[in-house]
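Below is one structure; the comments refer to it alone.
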Amino acid sequence: MAKIYAIDDEPSIRRLIKMIMEKENHEVITFATAEEGLKAIEKETPNLLFVDLGLPEMSGLELIKIIEERLYSFPIVVVSEITIAEAIIEAFKHGICDFITKPFTPTELIESFEKCYISTDTLLKRKKEVISLIESGKTLHASKLVSRLFANFPNSPVPHYLFALLASSWNKELARRHLNAAIALDPEYSEAKELLNKIDTGDEN
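Numbering (our numbering), first residue to last: 22 to 226.
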(Lines of atoms letter the chains of each structure in order from A; the text may use other names.)
(Lines give C-alpha, C1' and ligand atoms only; values in the text may rest on other atoms or scores of the structure.)
Protein backbone atom coordinates (compact mmCIF):
# COMPACT_ATOMS: atom_id res chain seq x y z
CA MET A 22 0.00 0.00 0.00
CA ALA A 23 1.30 3.43 -0.97
CA LYS A 24 0.71 6.77 0.75
CA ILE A 25 -0.56 9.19 -1.89
CA TYR A 26 -1.06 12.95 -1.64
CA ALA A 27 -3.41 14.67 -4.09
CA ILE A 28 -3.53 18.47 -4.43
CA ASP A 29 -6.35 20.05 -6.42
CA ASP A 30 -8.62 23.03 -5.79
CA GLU A 31 -11.62 21.20 -7.28
CA PRO A 32 -13.39 19.08 -4.61
CA SER A 33 -14.79 16.73 -7.27
CA ILE A 34 -11.29 15.93 -8.57
CA ARG A 35 -9.99 15.33 -5.05
CA ARG A 36 -12.88 12.97 -4.35
CA LEU A 37 -12.38 11.14 -7.66
CA ILE A 38 -8.65 10.58 -7.15
CA LYS A 39 -9.28 9.42 -3.58
CA MET A 40 -12.03 7.01 -4.66
CA ILE A 41 -10.01 5.50 -7.54
CA MET A 42 -6.80 4.99 -5.61
CA GLU A 43 -8.45 3.78 -2.40
CA LYS A 44 -10.13 1.06 -4.48
CA GLU A 45 -6.57 0.01 -5.35
CA ASN A 46 -5.91 -0.27 -1.58
CA HIS A 47 -3.76 2.85 -1.25
CA GLU A 48 -3.95 5.55 1.41
CA VAL A 49 -4.94 8.91 -0.10
CA ILE A 50 -4.76 12.30 1.62
CA THR A 51 -6.08 15.30 -0.32
CA PHE A 52 -5.38 19.03 -0.14
CA ALA A 53 -7.05 22.06 -1.73
CA THR A 54 -3.92 24.21 -1.95
CA ALA A 55 -0.21 23.81 -2.63
CA GLU A 56 0.52 25.46 0.72
CA GLU A 57 -1.45 22.77 2.60
CA GLY A 58 0.23 20.03 0.61
CA LEU A 59 3.71 21.44 1.24
CA LYS A 60 3.10 21.57 5.00
CA ALA A 61 2.11 17.88 4.92
CA ILE A 62 5.17 17.00 2.81
CA GLU A 63 7.44 18.76 5.31
CA LYS A 64 6.02 16.54 8.08
CA GLU A 65 5.91 13.27 6.12
CA THR A 66 6.69 12.64 2.48
CA PRO A 67 4.28 10.57 0.36
CA ASN A 68 5.15 7.69 -1.93
CA LEU A 69 3.61 9.65 -4.81
CA LEU A 70 2.03 13.07 -5.39
CA PHE A 71 -0.79 13.96 -7.79
CA VAL A 72 -0.89 17.73 -8.30
CA ASP A 73 -2.76 20.24 -10.47
CA LEU A 74 -0.83 23.09 -12.13
CA GLY A 75 -3.64 25.65 -11.90
CA LEU A 76 -3.81 26.13 -8.14
CA PRO A 77 -4.70 29.37 -6.32
CA GLU A 78 -1.88 31.45 -4.81
CA MET A 79 1.10 29.06 -5.07
CA SER A 80 0.82 27.24 -8.41
CA GLY A 81 1.45 23.56 -8.94
CA LEU A 82 4.62 24.39 -10.89
CA GLU A 83 5.94 26.54 -8.05
CA LEU A 84 5.35 23.64 -5.67
CA ILE A 85 7.13 21.24 -8.04
CA LYS A 86 10.15 23.58 -8.13
CA ILE A 87 10.26 23.73 -4.32
CA ILE A 88 10.10 19.93 -4.12
CA GLU A 89 12.98 19.72 -6.61
CA GLU A 90 15.06 22.32 -4.73
CA ARG A 91 14.62 20.47 -1.43
CA LEU A 92 15.69 17.18 -3.06
CA TYR A 93 12.59 15.20 -2.14
CA SER A 94 12.67 11.88 -3.99
CA PHE A 95 9.02 10.88 -4.43
CA PRO A 96 7.48 10.79 -7.95
CA ILE A 97 5.10 13.55 -9.07
CA VAL A 98 2.22 13.17 -11.51
CA VAL A 99 0.59 16.35 -12.82
CA VAL A 100 -3.19 16.10 -13.28
CA SER A 101 -4.32 19.25 -15.04
CA GLU A 102 -6.56 20.78 -17.71
CA ILE A 103 -3.67 23.06 -18.69
CA THR A 104 -2.37 21.71 -22.00
CA ILE A 105 -0.01 24.53 -23.04
CA ALA A 106 3.14 22.84 -24.33
CA GLU A 107 5.48 25.27 -22.56
CA ALA A 108 3.87 24.56 -19.18
CA ILE A 109 4.09 20.80 -19.66
CA ILE A 110 7.73 20.99 -20.82
CA GLU A 111 8.59 23.20 -17.85
CA ALA A 112 7.00 20.72 -15.43
CA PHE A 113 9.00 17.83 -16.92
CA LYS A 114 12.19 19.92 -16.71
CA HIS A 115 11.66 20.12 -12.97
CA GLY A 116 11.30 16.39 -12.47
CA ILE A 117 7.68 15.28 -12.84
CA CYS A 118 7.17 11.66 -13.82
CA ASP A 119 3.97 11.90 -15.84
CA PHE A 120 1.24 14.30 -17.04
CA ILE A 121 -2.46 13.43 -17.15
CA THR A 122 -4.99 15.71 -18.83
CA LYS A 123 -8.38 16.37 -17.26
CA PRO A 124 -10.86 14.81 -17.63
CA PHE A 125 -9.13 11.49 -16.98
CA THR A 126 -10.30 7.90 -16.65
CA PRO A 127 -9.63 5.59 -13.68
CA THR A 128 -7.41 3.49 -15.96
CA GLU A 129 -5.27 6.51 -16.88
CA LEU A 130 -4.78 7.41 -13.24
CA ILE A 131 -3.92 3.86 -12.18
CA GLU A 132 -1.54 3.29 -15.10
CA SER A 133 0.24 6.56 -14.37
CA PHE A 134 0.62 5.56 -10.74
CA GLU A 135 2.02 2.16 -11.70
CA LYS A 136 4.40 3.74 -14.20
CA CYS A 137 5.77 6.18 -11.63
CA TYR A 138 5.58 4.19 -8.40
CA ILE A 139 7.20 0.88 -9.15
CA SER A 140 6.15 -1.31 -6.25
CA THR A 141 6.42 -5.01 -5.59
CA ASP A 142 2.78 -5.12 -4.55
CA THR A 143 1.67 -3.66 -7.89
CA LEU A 144 3.78 -6.10 -9.87
CA LEU A 145 2.54 -9.15 -7.94
CA LYS A 146 -1.06 -7.99 -8.33
CA ARG A 147 -0.67 -7.67 -12.11
CA LYS A 148 1.13 -11.03 -12.27
CA LYS A 149 -1.83 -12.80 -10.64
CA GLU A 150 -4.20 -11.00 -12.99
CA VAL A 151 -2.26 -12.07 -16.11
CA ILE A 152 -2.03 -15.71 -14.98
CA SER A 153 -5.77 -15.73 -14.29
CA LEU A 154 -6.45 -14.34 -17.79
CA ILE A 155 -4.19 -16.95 -19.40
CA GLU A 156 -5.89 -19.76 -17.48
CA SER A 157 -9.32 -18.52 -18.60
CA GLY A 158 -8.23 -18.30 -22.24
CA LYS A 159 -8.28 -14.49 -22.44
CA THR A 160 -4.86 -14.34 -24.05
CA LEU A 161 -5.36 -11.06 -25.94
CA HIS A 162 -6.17 -9.18 -22.73
CA ALA A 163 -3.29 -10.93 -20.98
CA SER A 164 -0.93 -9.94 -23.80
CA LYS A 165 -1.91 -6.27 -23.47
CA LEU A 166 -1.26 -6.35 -19.72
CA VAL A 167 2.14 -8.00 -20.23
CA SER A 168 3.10 -5.30 -22.76
CA ARG A 169 2.36 -2.64 -20.15
CA LEU A 170 4.41 -4.55 -17.57
CA PHE A 171 7.43 -4.52 -19.90
CA ALA A 172 7.08 -0.72 -20.13
CA ASN A 173 6.49 -0.17 -16.41
CA PHE A 174 8.92 -2.76 -15.00
CA PRO A 175 11.78 -2.90 -17.55
CA ASN A 176 14.29 -4.39 -15.10
CA SER A 177 12.02 -7.08 -13.68
CA PRO A 178 12.11 -10.75 -14.73
CA VAL A 179 8.34 -11.08 -14.21
CA PRO A 180 7.17 -9.68 -17.59
CA HIS A 181 9.56 -12.07 -19.36
CA TYR A 182 8.18 -15.01 -17.38
CA LEU A 183 4.58 -14.04 -18.11
CA PHE A 184 5.30 -13.57 -21.81
CA ALA A 185 6.90 -17.02 -21.85
CA LEU A 186 3.73 -18.43 -20.31
CA LEU A 187 1.77 -16.88 -23.16
CA ALA A 188 4.22 -17.94 -25.86
CA SER A 189 4.87 -21.49 -24.68
CA SER A 190 1.80 -22.86 -26.50
CA TRP A 191 2.68 -21.42 -29.91
CA ASN A 192 6.39 -20.55 -29.99
CA LYS A 193 8.58 -22.53 -27.64
CA GLU A 194 11.82 -20.95 -28.87
CA LEU A 195 10.47 -17.47 -28.14
CA ALA A 196 9.33 -18.66 -24.72
CA ARG A 197 12.82 -20.05 -24.03
CA ARG A 198 14.42 -16.71 -24.93
CA HIS A 199 12.21 -14.83 -22.51
CA LEU A 200 12.74 -17.37 -19.75
CA ASN A 201 16.50 -17.10 -20.21
CA ALA A 202 16.12 -13.31 -20.01
CA ALA A 203 14.13 -13.68 -16.79
CA ILE A 204 16.80 -15.93 -15.28
CA ALA A 205 19.54 -13.52 -16.38
CA LEU A 206 17.75 -10.75 -14.47
CA ASP A 207 17.17 -12.99 -11.44
CA PRO A 208 19.28 -16.19 -11.32
CA GLU A 209 17.14 -17.44 -8.40
CA TYR A 210 13.80 -17.08 -10.23
CA SER A 211 12.49 -20.60 -9.62
CA GLU A 212 9.24 -20.25 -11.61
CA ALA A 213 11.16 -19.34 -14.75
CA LYS A 214 13.55 -22.27 -14.23
CA GLU A 215 10.66 -24.68 -13.73
CA LEU A 216 8.84 -23.52 -16.87
CA LEU A 217 12.06 -23.67 -18.90
CA ASN A 218 12.64 -27.24 -17.72
CA LYS A 219 9.05 -28.19 -18.66
CA ILE A 220 9.46 -26.74 -22.14
CA ASP A 221 12.83 -28.50 -22.62
CA THR A 222 11.37 -31.85 -21.51
CA GLY A 223 8.08 -31.37 -23.37
CA ASP A 224 6.07 -31.48 -20.14
CA GLU A 225 4.22 -28.14 -20.00
CA ASN A 226 1.00 -29.58 -18.60
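Beta carbons are placed, not taken as given, at the ideal position from N, Cα and C, and that holds for glycine. Quantities reported herein were computed from a predicted structural model and do not represent experimental measurements.
Unbroken alpha helix (DSSP H) run spanning residue i, endpoints
i: Phe184; result: Val179 to Ala188
i: Thr51; result: Segment Glu48 to Phe52 is the beta strand (DSSP E) holding Thr51; no alpha helix (DSSP H) there.
i: Ser33; result: Pro32 to Lys44
i: Asn201; result: Lys193 to Leu206
i: Thr66; result: Looking at the DSSP string, Thr66 is not in any alpha helix (DSSP H), and its letter there is neither H nor E.
i: Gly81; result: Gly81 to Glu90
i: Ser211; result: Ser211 to Thr222
Member of the options whose CA lies at the smallest distance from the CA of residue i
i: Lys123; options: Lys165, Glu31 and Ser94; result: Glu31
i: Lys219; options: Arg197, Tyr210, Glu209 and Ala203; result: Arg197
i: Ser80; options: Asn68, Leu161 and Ile103; result: Ile103
i: Lys193; options: Leu206, Tyr210 and Thr222; result: Thr222
i: Ser94; options: Glu78, Ile62, Phe120 and Glu156; result: Ile62
i: Ala202; options: Asn176, Leu187 and Ser189; result: Asn176
i: Asn68; options: Glu78, His47 and Glu56; result: His47
i: Ala23; options: Glu156, Ile131 and Asp29; result: Ile131
i: Ala55; options: Ile28, Leu161, Arg36 and Ile41; result: Ile28
i: Ala108; options: Leu82, Phe125 and Lys39; result: Leu82
i: Ala172; options: Arg147, Tyr26 and Lys136; result: Lys136
Inter-residue Cα distance where the pair is residue i and residue j
i: Cys212; j: Val49; result: According to the sequence displayed, residue 212 carries Glu and not Cys. About 34 Å.
i: Ser33; j: Thr51; result: 11 Å
i: Ala117; j: Gly58; result: Reading the sequence as shown, one finds Ile at residue 117 and not Ala. Rounded to the nearest angstrom, the two C-alpha atoms are 16 Å apart.
i: Ala106; j: His115; result: 14 Å
i: Ser133; j: Leu92; result: 22 Å
i: Asp207; j: Pro178; result: 6 Å
i: Glu129; j: Phe120; result: 10 Å
i: Ala205; j: Leu195; result: 15 Å
i: Thr160; j: Glu215; result: 21 Å
i: Thr143; j: Glu78; result: 35 Å
First and last residue of the uninterrupted beta strand (DSSP E) at residue i
i: Ala27; result: Lys24 to Ile28
i: Leu69; result: Leu69 to Val72
i: Ser101; result: Ile97 to Ser101
CB contact below 8 Å: residue i versus chain C
i: Ser33; result: As a matter of chain content, chain C is missing from the structure shown, which is built from one protein chain.
Any 3 or more C-beta pairs closer than 8 Å across the stretch 183 to 202 and the stretch 152 to 166 | At 8 Å Cβ cutoff, the stretches touch.
Counting only runs of 3+ residues fully inside the stretch 103 to 175, write out the beta strand (DSSP E) ranges in chain order.
-> Scanning the stretch 103 to 175 for uninterrupted beta strand (DSSP E) segments of 3 residues or longer gives 119 to 122, listed from N- to C-terminal end.
On the three-pair Cβ rule with 8 Å, is the stretch 67 to 84 touching the stretch 99 to 106?
-> At 8 Å Cβ cutoff, the stretches touch.
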